[in-house]
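According to the working numbering, the sequence shown holds residues 3 to 760 in order.
Structure first, then comments.
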Amino acid sequence: MSNLATFANWLDNMTATSIHANTTGPYETRIKALLDKMTLAEKVGQLTQFSGFHDVTGPAPSDWRAAQKHHLLQSGVIGSMLNVVGTEDVLNYQKYAVENSRLGIPMMFAYDVIHGQKTMCPIPLAEAASWDLKLIEKSARIAAIEAAAQGLNWTFAPMVDVSREPRWGRVMEGAGEDPYLGSRIAEARVKGFQGDDLSADDTILATIKHFAAYGFAEAGKEYNTAEIGTTTLYNMVLPPFDAALRNANPRSVMNAFNTVNGIPATGDMALQRDWLKGNRGFDGVVVSDWGSALEMIAHGFVANEREAAKVAILAGSDVDMESYVYLDHLESLVESGEVDEVIIDDAVRRVLRVKFELGLFDDPYRYIDPAREQERLFTESHLDTALEMARKSIVLLKNEHNALPLSGDKKIALIGALAVDQDAPLGNWRAHAQAHSAMSVMDGFNEVELDYIYSYGVAVQHGDSHFEHPVHVNYDNRDGFDEAVATAQEADQVVLVVGETARMSGEGRSRADIGLPGLQQELLEAIHAVNPKIVLVVMGGRPLVLSWAHAHVPAIVYAWHLGHRSGRAIVDVLTGEENPSGKLPMNFPRSVGQIPIYYNHLNTGRPGPRNEVTWAHYSDVENTPLFPFGYGLSYAWFEYSELATHVESDHVAVSFVVKNTSHRDGEEVAQLYIRDRVAGIARPVKELKGFEKAHLSAGESKRFDMKLGRDELGYFNGQGTFVIEPGEFDVFVGGSSDTALNAVFSLSKEHITSFAVK
Ligand code: BGC
């Protein structure tokens, strides 16, 4: 059966409840009154989103489309725009909508506000490494305050795509490989963006994206196919969407470019109409990704633009971003009876609903105040939050013989192009941050008046790189090598800063080899040959393969892209002013060949390790990652003890003690994992089900009490039904997924019944 036949079938059986309309909310009467006045063309306008001219975040339209776009915007019939930023421009466009259109329906203005608007916090993957949900929420909050001050009221964030693919460039934009951590972070970010009152002048709509499975791009190649089993879909991919929907009420969801098991996400009725809008009762807006409706033609899922429009709207994609297919075809599809107007009305209602919630019908200019724009951007307090977030995001990967913190009396050689780079720390998806405006590592050294001699070493890339252009990695210019080696030779201690520049990760920035880019590995080895006392500071928008460094260098600090106050945060960790507390949100592989490597894998029938050839392993590299999920060192040491479990009437209580056995105060992220030993489908060898970040003074012991409830102990079967089964469970606790202690508890049938009831 063709796709269109499937949809026709659905359409025939459609009832008023199939579209799951919300008819009782606070604005529904006003929405209906407005809808009753709208012509079909006006409705289609509300379902069309155009890009403005500040940023091109997808393929640019042809000249005639651009002209058509101008004309339609000026007539005021378009529902929303992206990439228009700043009160002056937003005001111009909003005036068109309010003054030139028949009904004066205000527009919404969206932008990719991912880790800050003007003040950059760390990239999302780095923030995830903090495991600090309050701080992550605060980071999203200041991003929303700044975005709203620039006239915006909608962000296309957070990206909640779980990904096991460090080759995929957009891994920088998510929370890593784990659905539990990803769920908590998704909730925190949505709450931060949306605040308590969407109609306030400093809150904006959040968008959970990309729905669904974009992070499972095969081989990490951008936009690639996602082929995943239903158990992976339900247990790994959907949970962060589900958690955000249940606990934080995001008002928008963006679908995805990719196919999921052969169906383009934008045309996927089971995902959007059945799961999201039906099963989960989502009554906000589903926006397509840039041109994703049109791209269903290239996928071979529809034959032409008209079919693309039909399939996308029927599947539940409400707003068309930059495909132009709704604009060109929806009216005639309704007139021919191929699309019931009820479907259009439902989509329009969603758009109007969020406009009411934003307060735009009370005041279309609510977000537009030039004075606020002056006051609320790049403030000292926002920069302080950026610094705090950056400090907490750094992960100390190795620290042999206490190479760190640096001791004051040593002669330090600071080496590396990235040590003076004021742009790389801003990372990709940097919204309206000014290029080259971050604090470099050298700036950080200067701010705390730390002595050093500096040498550039080697350029990471040729020239600057902008969003639209590829990065030209430097593979040939070794001019700075000799000087850097000589500088290292003279010093007691080398601080070598290496890694990726800002545009080496992000959309369209997949890499097949995720070692240190260009000649940096060669430089590292050359320096090591004359002075092995190296503290390696690594910047990156993804996990990198650092096996050589790990084998040869005493200390490694993972510094991601940490935003505006990067340099200071890094130096605070190097000097011990800040005791590092970050933990990895993804495994770091030993070798690219291990990818996908993730901690919550299944066991295989031959798990080993054994002294034989026939077990699940590689013959040239270990099975384990170089650094596991949840891992990160501190200058303090923590010891776990007294693990106990107790099955209560509606949960399992887990308690344990963590002691700071060192002479330094520090923070530890205590992590709780389980394994369901025998189940209806094979379950992972470990799954994170709880964590708490706590401050422990030197010598202090703290008891942690955590609960495993129904949500944590059950799982989704292949049909998407949540089940919780009796039997034995392992419970593990520790400071990483390589846990310290374990215990076992059993759930009886009676327990399950009482768990299920509550
Ligand atoms: C990205 C989206 C983004 C959109 C608008 C697309 O290329 O995939 O995540 O929100 O552009 O900029």
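Heads up, the beta-carbon is just placed ideally off N, CA and C, and yes, glycines get one too.
Beta-carbon distances below 5 angstroms to any heavy atom of the ligand BGC define the shell here; list its residues in chain order, please. T59, G60, D114, F158, D291, W292
Are the CB atoms of P168 and M238 nearer to each other than 7 angstroms? Within the sequence shown, the letter at position 166 stands for residue 168. Within the sequence shown, the letter at position 236 stands for residue 238. In this structure, M238 does not lie closer than 7 angstroms to P168 by Cβ.
Exposed or buried, Y1, counting other C-beta atoms within 10 Å across all chains shown (16 or more means buried)? Residue 1 cannot be examined here, being either before or after the span of the chain that is shown, 3 to 760.
With a Cβ-Cβ cutoff of 7 angstroms, do P252 and S185 count as a contact? Position 250 of the sequence shown, counted from the start, is the residue given in the question as residue 252. Position 183 of the sequence shown, counted from the start, is the residue given in the question as residue 185. Going by C-beta atoms, P252 is not nearer than 7 angstroms to S185.
Along the chain, where does the beta strand (DSSP E) containing F693 start, and where does it finish? Within the sequence shown, residue 693 is the residue found at index 691, counting from 1. That run of the beta strand (DSSP E) goes 689-698.
At least three beta-carbon pairs within less than 8 angstroms, the stretch 496-506 to the stretch 531-546: Touching, per the Cβ criterion.
Distance check for G280 and T19, CA to CA, integer angstroms please. Here residue 19 refers to the residue found at position 17 when the sequence shown is read from its first residue. Here residue 280 refers to the residue found at position 278 when the sequence shown is read from its first residue. Confidence is the limiting factor: at T19 the pLDDT is only 48, short of 50, which leaves the residue's position unreliable and the question unanswerable from this model.
Could you tell me the distance, in whole angstroms, from the CA atom of I210 to the CA atom of G565? Taking the first residue of the sequence shown as position 1, residue 210 is located at position 208. Taking the first residue of the sequence shown as position 1, residue 565 is located at position 563. Looking at the two C-alpha atoms, the distance is approximately 22 angstroms.
Can you tell me whether DSSP reads H73 as helix, strand or coil? The residue labelled residue 73 in the question sits at position 71 within the sequence shown. Of the three classes helix, strand and coil, the one that applies to H73 here is helix, per DSSP.
Mapping the DSSP letters down to three states, classify L49 as helix, strand or coil. Taking the first residue of the sequence shown as position 1, residue 49 is located at position 47. Looking at L49 - three-state DSSP - the assignment turns out to be coil, as it is neither helix nor strand.
Contact belief for K120 with H434 at Cβ below 8 angstroms, rounded distance in angstroms: Position 118 of the sequence shown, counting from 1, holds the residue named residue 120. Position 432 of the sequence shown, counting from 1, holds the residue named residue 434. At roughly 5 angstroms, the Cβ-Cβ gap stays under 8 angstroms, so K120 and H434 are in contact.
Within 10 angstroms of its Cβ, does F724 collect 16 or more other Cβ (buried), or is it exposed? Counting from 1 along the sequence shown, the entry for residue 724 is found at position 722. That one is exposed.
When you compare each of G508, K704, N719 to V173 by their alpha carbons, which one comes out closest? Position 171 of the sequence shown, counted from the start, is the residue given in the question as residue 173. Of G508, K704, N719, the residue nearest in Cα terms is G508.
Taking F483 as part of the alpha helix (DSSP H), name the residues at either end of that continuous run. Start at 1 with the first residue of the sequence shown, and residue 483 comes out as number 481. F483 -> alpha helix (DSSP H) spans 483-492.
Look at the alpha carbon of M3 and the alpha carbon of V313, and state the distance between them as a whole number of angstroms. Mapped onto the sequence shown, residue 3 falls at position 1. Mapped onto the sequence shown, residue 313 falls at position 311. In this predicted model, M3 has a pLDDT of only 46, less than 50, meaning its place in the structure is not dependable enough to derive any value.
If distances are taken between C-alpha atoms only, which option among W133, K709, A557, K97 comes closest to G81? Counted from its first residue, the sequence shown places residue 81 at position 79. That would be K97, whose Cα lies nearest to the Cα of G81.
Does DSSP put S750 in a helix, a strand or coil? Walking along the sequence shown from the start, residue 750 turns up at place 748. In the structure shown, S750 sits in coil (DSSP, three-state: anything other than H, G, I, E or B).
With a Cβ-Cβ cutoff of 7 angstroms, do I683 and T233 count as a contact? Locating residue 683 in the sequence shown gives position 681, counting from the first residue. Locating residue 233 in the sequence shown gives position 231, counting from the first residue. Yes, they are a contact pair.
For A149 versus E189, is the C-beta spacing smaller than 7 angstroms? Along the sequence shown, read from residue 1 onward, the residue named residue 149 stands at position 147. Along the sequence shown, read from residue 1 onward, the residue named residue 189 stands at position 187. No, the pair does not count as a contact, with Cβ atoms beyond the cut-off.
Is the beta carbon of N662 less than 7 angstroms from the beta carbon of E702? In the sequence shown, residue 662 corresponds to position 660, counting from 1. In the sequence shown, residue 702 corresponds to position 700, counting from 1. Yes, the Cβ-Cβ distance between N662 and E702 is below 7 angstroms.
From N581 to N448, what does the alpha carbon distance come to, in whole angstroms? The residue given as residue 581 occupies position 579 in the sequence shown. The residue given as residue 448 occupies position 446 in the sequence shown. Near 20 angstroms, if we compare the C-alpha coordinates of N448 and N581.
Inspect the beta-carbon positions of V462 and A419 and report whether they are closer than 7 angstroms. In the sequence shown, residue 462 corresponds to position 460, counting from 1. In the sequence shown, residue 419 corresponds to position 417, counting from 1. Yes, the pair counts as a contact, with Cβ atoms nearer than the cut-off.
My assumption, with CB atoms under 8 angstroms, is that A488 sits in contact with L526. Please give the rounded CB distance. As a working mapping, residue 488 is identified with position 486 in the sequence shown. As a working mapping, residue 526 is identified with position 524 in the sequence shown. Not quite, the Cβ-Cβ distance comes to about 16 angstroms (not below 8 angstroms), so this is no contact.
Is T261 helix, strand or coil when you go by DSSP? Counted from its first residue, the sequence shown places residue 261 at position 259. Looking at T261 - three-state DSSP - the assignment turns out to be strand.
Indicate the three-state DSSP secondary structure (helix, strand or coil) for M40 in the structure shown. Stepping through the sequence shown from its first residue, residue 40 is reached at position 38. If DSSP states are grouped into helix, strand and coil, M40 belongs with coil.
Please classify I315 as buried or exposed, where buried requires at least 16 neighbouring CB atoms within 10 angstroms. By one-based count along the sequence shown, residue 315 stands at place 313. Label assigned to I315: buried.
Have a look at the DSSP bridge pairing and note the partners of Q463. On the sequence shown, residue 463 is found 461 positions in, with the first residue counted as 1. According to DSSP, Q463 bridges with V475.
Three-way DSSP call (helix, strand, coil) for Y456 in this model: Residue 456 sits at position 454 when you count from the first residue of the sequence shown. Looking at Y456 - three-state DSSP - the assignment turns out to be strand.
4-residue-minimum alpha helix (DSSP H) runs that sit fully inside the stretch 520-591, ordered along the chain: 522-532, 549-554, 568-577
Give the DSSP bridge partners of V654, in chain order. Residue mapping note: residue 654 aligns to position 652 of the sequence shown, counting from 1. DSSP lists V649, L710 as partners of V654.
Is A742 helix, strand or coil when you go by DSSP? Taking the first residue of the sequence shown as position 1, residue 742 is located at position 740. It is coil, neither helix nor strand.
Taking C-alpha atoms, which residue in D713, F590, S651, G736 lies nearest to K751? Along the sequence shown, read from residue 1 onward, the residue named residue 751 stands at position 749. Comparing Cα-Cα distances from K751 to each of D713, F590, S651, G736, the minimum goes to S651.
Member of D453, K394, V397 whose CA lies at the smallest distance from the CA of I414: Within the sequence shown, numbered from 1, the residue matching residue 414 stands at position 412. It is D453.
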